[in-house]
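Everything on this sheet refers to the single structure shown next.
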Ligand code: ATP
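Residue numbers (the numbering used here): 49 to 347.
See below:
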């Protein structure tokens, strides 16, 4: 289990990380979200002891993270760093050896890893001959090849097309099934919604959201209603607790509520003559929550 306790880190007068605490269990995937400069990379660097916190501590299975446990960690840094003139195979072997694996144990596994991640290139090819996305997949293999128990991925999805993003999602799920504790940062809320058991949102270094996806969404209340009925926008707007009505291209009304209780009144009104095809009252999506929490609301 990873325990992050009350971390603080300042750069001069800038508080980059302020009182951040969370835990990640084996087999759990956590998403770390937040705008550019929110403190995500700084948090990762402190966890990895690449930066020293001003205050707080990080424990892995009850112990401080030192070089001794480094072989159990897989880290994909934000700045990608492969050796362009080295072959794919030598690159992977090099990183595996750095993490304590024997060359002869890893060599027979390389073909399977390249196949699993659908890397377009032969293992003897130099890294610089690969496209950016394929280089990124090789770097992910270098991060995962030693089967780490704690996996920290800084923006692993950036630059990947939807097909490769799915390949990566599958790779992350496989590591989860093998019992790894995983944390990754992303600006793509779909990746976070699809993969994460729990999430943390940072804003100006502070933790502003923390919980399972469902807990975080429910915290915002069921304030969005998808409706297909005979009610007109004027009739809907006349109901107390309705903030805005928007028509979608396919004829649905999206009704934004200030009070989730207004949903019951709308339901009663909309169904007074019987059947309606759509009534779905939902909490905001993670993307909407992100924008609202970051203070940018274009709804
Ligand atoms: P992004 O999504 O853009 O990668 P982030 O959430 O990872 O952002 P960090 O890189 O952790 O953000 O940066 C948090 C804040 O700390 C930023 O204001 C950044 O400029 C500052 N910062 C980070 N590292 C240093 C450093 N070594 N020296 C001074 N300031 C730093």
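Yeah, the Cβ is synthetic: ideal placement off N, Cα and C, and Gly gets one too.
{"query": "Near residue 346, what residues of its chain come up, given a Cβ to Cβ distance below 6 Å and the 5 sequence neighbours on each side ignored?", "result": "Confidence in residue 346 is poor, its pLDDT being 49 and thus under 50, which makes the residue's placement unreliable; the coordinate value appears in the next sentence. For residue 346, where only same-chain residues beyond five positions count, there are no Cβ hits under 6 Å."}
{"query": "Between 184, 202, 126, which has its C-alpha nearest residue 139's C-alpha?", "result": "184"}
{"query": "I'd like to check one pair, residue 310 with residue 251: are the Cβ atoms closer than 8 Å?", "result": "no"}
{"query": "Does DSSP classify residue 273 as helix, strand or coil?", "result": "strand"}
{"query": "Using three-state DSSP, classify residue 112 as helix, strand or coil.", "result": "strand"}
{"query": "Between residue 136 and residue 173, which are expected to be in contact by the criterion C-beta below 8 Å, what is the C-beta distance as a whole number of angstroms?", "result": "6 Å"}
{"query": "Cβ-heavy atom distance between residue 62 and ligand 2 below 7 Å?", "result": "No copy of ligand 2 occurs in the structure displayed; its ligands are ligand 1 alone."}
{"query": "Does the beta-carbon of residue 155, which I'm using as the reference point, lie nearer than 7 Å to any heavy atom of ligand 1?", "result": "no"}
{"query": "Within the continuous beta strand (DSSP E) that includes residue 303, where are the two ends?", "result": "301-305"}
{"query": "Quick check: is any heavy atom of ligand 1 less than 7 Å from the C-beta of residue 88?", "result": "yes"}
{"query": "Return the chain-ordered list of same chain residues with a C-beta closer than 8 Å to the C-beta of residue 279, the five sequence neighbours on each side being excluded.", "result": "301, 314, 317, 318"}
{"query": "When the Cα atoms are used, what is the spatial distance from residue 125 to residue 286?", "result": "53 Å"}
{"query": "If I follow the unbroken beta strand (DSSP E) through residue 295, where does it start and stop?", "result": "290-295"}
{"query": "From the DSSP output, read off the bridge partner residues of residue 107.", "result": "51, 112"}
{"query": "Does the beta-carbon distance from residue 127 to residue 53 come in below 8 Å?", "result": "no"}
{"query": "Given 7 Å as the limit, tell me if residue 84 has its C-beta closer than that to any heavy atom belonging to ligand 1.", "result": "yes"}
{"query": "So, for residue 113: in the same chain, excluding its five sequence neighbours on each side, which residues have a beta-carbon less than 8 Å away from its beta-carbon?", "result": "95, 96, 97, 106, 107, 121"}
{"query": "Can residue 59 be considered in contact with ligand 1, in the sense that its beta carbon sits closer than 7 Å to one or more heavy atoms?", "result": "yes"}
{"query": "Cβ-heavy atom distance between residue 66 and ligand 1 below 7 Å?", "result": "no"}
{"query": "In this structure, how does DSSP classify residue 200 when only helix, strand and coil are distinguished?", "result": "strand"}
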